[in-house]
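Rendered as structure tokens:
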């Protein structure tokens, strides 16, 4: 019940296209859903995050869509660029956890073809 | 402001050898974490330290020990390295009052032969 399932494992998108990565969870107590971006040889870095009181959050070309009833959330990258090529991780957490622990998806390797 | 630093960047060990991975943060963060990253498995939590003086096991603690030396430093020790511990190790920290964002170091790539 603590798992976060992420798909697809890898994704190739043409430059200018829309990249979509999906995550699903079981634990309805989760109340914080971040996406992290990781470039080769670097540590992950927070990209965008959402709480379940909103259905969508947009920051520039990056949008999180959240479906509470389906227990799913997704990352949309509009007008994908070669510089977006990276591995993306979704995660989930519970506010009352005193350790601020994140439950991580397995990651999606995104390649944007020029 | 260097953020989260890790040493070494690369390490090769023989089975049975021991080593300590070092992590330090200069952001005055309260909580620190050690993860391992393996292909197709995402990030798995090894140990964490919610605050100075406390440490707790994560998802995959076997074969590891940690020390929270002070607020800045959190080290990970492999007492007797095994090939199954070949991985990339990341340290992260969080300022609890500031929210949930975890700040990651650049990682240590460890190979055990």
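Chains as they are written, first to last, in the numbering used here: chain V, 15 to 128; chain S, 51 to 163. Every residue gets a Cβ at the ideal spot worked out from N, C-alpha and C, and that includes glycine.
Look at the alpha carbon of residue i and the alpha carbon of residue j, and state the distance between them as a whole number of angstroms.
i: residue 90/S; j: residue 135/S; result: 15 angstroms
i: residue 56/V; j: residue 58/S; result: 14 angstroms
i: residue 99/S; j: residue 30/V; result: 42 angstroms
i: residue 65/S; j: residue 43/V; result: 42 angstroms
i: residue 49/V; j: residue 75/S; result: 22 angstroms
i: residue 98/V; j: residue 151/S; result: 20 angstroms
i: residue 56/S; j: residue 45/V; result: 31 angstroms
i: residue 96/V; j: residue 28/V; result: 9 angstroms
i: residue 83/V; j: residue 89/V; result: 17 angstroms
i: residue 105/S; j: residue 84/S; result: 11 angstroms
i: residue 116/S; j: residue 109/S; result: 14 angstroms
i: residue 69/S; j: residue 107/S; result: 19 angstroms
i: residue 72/V; j: residue 130/S; result: 47 angstroms
With a CB to CB cut of under 6 angstroms and the five nearest residues on each side skipped, what residues in its chain are close to residue i?
i: residue 80/V; result: 64, 69, 87
i: residue 19/V; result: 38
i: residue 124/S; result: 73, 82, 99, 118
i: residue 60/S; result: 159
My understanding is that residue i touches residue j, with C-beta atoms under 8 angstroms, so please give their C-beta distance in whole angstroms.
i: residue 139/S; j: residue 86/S; result: 5 angstroms
i: residue 23/V; j: residue 122/V; result: 6 angstroms
i: residue 143/S; j: residue 54/S; result: 6 angstroms
With distances taken from CA atoms, which of the options is nearest residue i?
i: residue 125/V; options: 26/V, 21/V, 20/V, 17/V; result: 26/V
i: residue 67/S; options: 133/S, 118/S, 97/S, 80/S; result: 133/S
i: residue 102/V; options: 71/V, 76/V, 40/V, 85/V; result: 76/V
i: residue 35/V; options: 66/V, 96/V, 74/V, 100/V; result: 100/V
i: residue 121/S; options: 103/S, 157/S, 112/S, 84/S; result: 103/S
i: residue 101/S; options: 114/V, 128/V, 127/V; result: 114/V
i: residue 52/S; options: 163/S, 161/S, 153/S, 162/S; result: 153/S
i: residue 59/V; options: 127/S, 155/S, 162/S; result: 155/S
i: residue 53/V; options: 161/S, 157/S, 163/S, 162/S; result: 157/S
i: residue 33/V; options: 128/V, 91/V, 71/V; result: 91/V
Using a Cβ-Cβ cut-off of 8 angstroms (strictly less than) and excluding sequence neighbours within five positions of residue i, which residues of its own chain qualify?
i: residue 105/V; result: 18, 47, 48, 49, 50, 116, 117, 118, 119
Ignore the nearest five residues each way along the sequence and tell me which others in residue i's own chain have a CB closer than 7 angstroms to its CB.
i: residue 128/S; result: 68, 69, 113, 114, 135
Proximal residues, the region 73-103 of chain S versus chain V, C-beta separation under 7 angstroms:
81, 90, 91, 92, 93, 95, 98, 100
Please list, in chain order, the residues of the region 21-32 of chain V that have any C-beta partner in chain S closer than 8 angstroms.
23
Chain V contacts made by the region 150-163 of chain S, where a contact means CB separation under 7 angstroms
150, 151, 152, 154, 155, 156, 157
Residues of the region 58-75 of chain V whose Cβ lies closer than 8 angstroms to any Cβ of chain S, in chain order
58, 59, 60, 63
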